[in-house]
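Those sequence lines, one after another, are chains C and P.
Quick note: the first sequence uses the working numbering, first residue 1234, plus one each step.
Quick note: the second sequence uses the working numbering, first residue 1234, plus one each step.
Protein chains: 2
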Amino acid sequence: MSIAIHDPTLRDGNHAVSHTLSLEDIASYCRAVDGCGLSVVEVGHGNGLGASSLQLGLARYKDSEMLETARANLTHSRLGIHMIPGFARLSDIDTALQIGVDVLRIASHCTEASLTESYIEHARSKGAYVQGVLMMTHMASPETLLEEALKQQGYGANALVLMDSAGHFDPDSTREKIGLLVRELAIPVGFHGHNNLGLAVANSLAAAQAGATIIDGCMRGFGAGAGNTQLEVLCAVLERYKFETGVKVFDLCRAVESLEDFAPVRTPTVVKTANLISGLYGVCSGFEKHVARAAAEFRVEPRKIYEELARCNAVAGQEDLIISVASRLSQPVVA
Amino acid sequence: MSIAIHDPTLRDGNHAVSHTLSLEDIASYCRAVDGCGLSVVEVGHGNGLGASSLQLGLARYKDSEMLETARANLTHSRLGIHMIPGFARLSDIDTALQIGVDVLRIASHCTEASLTESYIEHARSKGAYVQGVLMMTHMASPETLLEEALKQQGYGANALVLMDSAGHFDPDSTREKIGLLVRELAIPVGFHGHNNLGLAVANSLAAAQAGATIIDGCMRGFGAGAGNTQLEVLCAVLERYKFETGVKVFDLCRAVESLEDFAPVRTPTVVKTANLISGLYGVCSGFEKHVARAAAEFRVEPRKIYEELARCNAVAGQEDLIISVASRLSQPVVA
């Protein structure tokens, strides 16, 4: 079975450094991995096109600057972006296509696929290759995910990606959800994991065994929260299980080693207890730095904030809720 | 199902810092985790009692100093040691028991259980609780492991632990090997994982599902090479799968957070490419620092050293082979 490896190191990894990846980081990463056989290199603000804001975090560079830099340094791998309608606008699609982006991921919360309709249709009308994405997919049953995925397929998506945005999946739930979509959809299915429970590689392997043919991995696991599935490890494990990724694992290892000054090497991605707790409660990985700041400011245990955010079913875009939750928890309860 | 969590942070982790853990590190770690419900805290040189040497690496402190420090700071968890006959001597057992060690792990390479006979028998004759340990168990078939395990059971071992010393296992091979031992042995079976392929948590879960009732984990994954199964993540995942570990996960998380100055927090454990390659080739995790030194000294790519060590079936105790391999590889081949 063939698996296309999709690499969002330069997008999801931007969460890990509060969206401050430099243009030099982007250029050197693209040059280092371009010959290694990765299908797609994805670039941008952690929350995708148009997401730079006070609410989500300000990016150091404009989307167009990041994409043009990557475009100039990629010859073999395709260039990808992530976008969430609401943060992104329709016109961002046109800009991305003008710069030469090859793969558009258009994403919504797992129960809100209808928000992607006009975006997927617009991109497809321009002849673009589009992957529909459902995020925070631990929050919906396999059947609900299938309904939402069928909508994105109906809008014209060329493939469908399930994201375990909170790192809450385990191999059993991964197999169940991916397996149902693979059986029922007419388009390829992908999986994007986070490592909060130390299971990202195992979940990705389970996804591949259940028929997923697009799998995400980030160099050294660089990504929001506990980080993503570790790219070079993922490729090696898939190869061992006889999947054909087209990735030259030892070349990729050399590329990783050549990037000594790159952020994930300087500040390694580990599963900190806050990430573990976030994963257990099923809270969006992108909240990590916001929760840490609010916990320090209001002197509240991060665990209590995560617990309350889970109770509120908070999702990306509701970062202001983190502050109000922390503020409320810091008040003495009046009996 | 009940699982006893065995924590070798202060023993396997000593590999990660070239056996330089301080007595303060040992004392503060023991105090921090003592109330968290861990079954055993294991302490010592990375290769166990008596292993401090030029060949394996000199420890900063004597075994007795490390063990007495731990003993003085553990009330709830039992105190454990690891020993490999040849590095350790019979008299080390007596010393350990005099200091008050509760759990003796007596280990051999996976096909050399007979080397543990007199040690296990001596320890059992003193009334000690003994776990037989087989190391580098990816190098033998399930049937061979069973033969060797039956020997250690015959010598009187109270339990039998399989170590994936090279981090080469995957969930399928873990299930197969652990499952056979659980079915055929009369004593409890344990599993000790390394994370070279990013699968340590998944393998440990597979071991528990196959009937293992002793599982090893190290705080933040601190251990040789890519590190061990991450302790706090392991406990959370086992709890989610309804295993009873007796570990209070949030207390353990707080203990981890309280150890800001402890080595694994200062120098995080990540899967570096050398660790990934080592795991793919099935080379002992304890070789990492020796290989890195030899690669630098002789200007040879670490991958080539790992490849050659795998071809030689090198095991712990053959660290001098690393230098001769590196030296040989650095010579131009004469046609």
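C-beta atoms are modelled at their ideal positions from N, C-alpha and C, and glycine is treated no differently.
Measuring CA to CA, which of C/Cys1451, C/Leu1378 and C/Ile1556 is closest to cysteine 1263 of chain C? C/Cys1451
For lysine 1537 of chain C, which residues of its own chain have a beta-carbon under 7 Å away from its beta-carbon, when the five flanking residues on both sides are left out? Leu1562
Please report the Cβ distance between asparagine 1436 of chain C and phenylalanine 1402 of chain C, rounded to the nearest whole angstrom; I am assuming they are in contact, meaning their Cβ atoms lie under 8 Å. 5 Å
Contact belief for alanine 1547 of chain C with alanine 1528 of chain C at Cβ below 8 Å, rounded distance in angstroms: Between alanine 1528 of chain C and alanine 1547 of chain C the Cβ distance is about 15 Å, and since that is not below 8 Å, they are no contact.
Isoleucine 1314 of chain P beta carbon less than 7 Å from that of glycine 1277 of chain P: yes
Do alanine 1496 of chain P and valine 1250 of chain P have their CB atoms nearer than 7 Å? yes
Could you tell me whether any Cβ in chain C is nearer than 7 Å to the Cβ of proline 1535 of chain P? no
Beta strand (DSSP E) containing tyrosine 1474 of chain C: first to last residue? It is not in any beta strand (DSSP E) - tyrosine 1474 of chain C carries neither H nor E in the DSSP assignment.
Could you please tell me which residues of the segment 1479-1499 of chain P, in chain order, have their CB closer than 7 Å to any CB of chain C? Phe1483, Cys1486, Val1489 and Glu1490
For valine 1470 of chain P and chain C, any beta-carbon pair shorter than 7 Å? yes
So is alanine 1419 of chain C buried or exposed if we call it buried at 16+ other beta carbons inside 10 Å? exposed
Nearest to leucine 1492 of chain C by CA position, among C/Ile1238, C/Pro1421, C/Ala1237 and C/Thr1242, is which residue? C/Thr1242
Going by beta carbon distance, what residues of the same chain come within less than 7 Å of valine 1434 of chain P, once the five residues before and after it are set aside? Thr1462, Gln1463, Val1466, Leu1467 and Val1470
Contact between the segment 1365-1378 of chain P and the segment 1336-1353 of chain P is defined here as three or more beta-carbon pairs at a separation below 8 Å; is this criterion met? yes
Going by DSSP in three states, phenylalanine 1424 of chain P sits in which element: helix, strand or coil? strand
When the Cα of alanine 1237 of chain P is compared with those of P/Ser1297, P/Asp1449, P/Ile1510 and P/Asn1429, which residue comes out closest? P/Asp1449
To the nearest angstrom, report how far apart alanine 1329 of chain C and histidine 1427 of chain C are at their CA atoms. 26 Å
Given a cut-off of 7 Å on the beta-carbon distance, is the pair methionine 1368 of chain C and serine 1398 of chain C in contact? yes
Check the Cβ of isoleucine 1510 of chain C against every Cβ in chain P and list those closer than 7 Å, keeping chain order. Cys1486
Residues in its own chain within less than 7 Å of glycine 1333 of chain P by CB, not counting five upstream and five downstream? Arg1304 and Leu1312
So the candidates are C/Val1336, C/Gly1460, C/Phe1520 and C/Arg1408; which of them puts its Cα closest to the Cα of leucine 1282 of chain C? C/Val1336
Return no unless some Cβ of chain C is closer than 7 Å to the Cβ of alanine 1305 of chain P. no
Can a CB atom of chain P be found closer than 7 Å to the CB of proline 1565 of chain C? no
Taking CB distances under 7 Å as the criterion, tell me whether glutamine 1442 of chain P reaches chain C. no
Return helix, strand or coil for alanine 1237 of chain C, following the three-state DSSP convention. strand
Is it the case that the Cβ atoms of leucine 1542 of chain P and valine 1504 of chain P are separated by a distance below 7 Å? no
Is there a Cβ of chain C sitting closer than 7 Å to that of glycine 1431 of chain P, yes or no? yes
Within the continuous beta strand (DSSP E) that includes glycine 1479 of chain P, where are the two ends? Here glycine 1479 of chain P belongs to no beta strand (DSSP E), and DSSP marks it neither H nor E.
Got a sec? Which residues, its chain only, sit under 8 Å from histidine 1355 of chain P by beta carbon, not counting five neighbours each side? Leu1323 and Ile1326
Terminal residues of the continuous alpha helix (DSSP H) containing alanine 1249 of chain C? 1245-1249
Using a Cβ-Cβ distance cut-off of 7 Å, determine whether alanine 1570 of chain P contacts chain C. Absent from the structure is residue 1570 of chain P, since the part of chain P shown begins at 1234 and ends at 1568.
Isoleucine 1447 of chain C lies in the beta strand (DSSP E); which residues open and close that run? 1447-1449
Can you list the alpha helix (DSSP H) stretches of 4 or more residues lying completely in the segment 1375-1406 of chain P, in chain order? 1375-1388
Can you check whether the C-beta of valine 1422 of chain C is within less than 7 Å of a C-beta belonging to chain P? no
Per DSSP, what are the beta-bridge partners of valine 1336 of chain C in this structure? C/Gly1313 and C/Tyr1362
For lysine 1384 of chain C, count neighbouring Cβ atoms within 10 angstroms of its own Cβ and tell me buried if that reaches 16, exposed if not. buried
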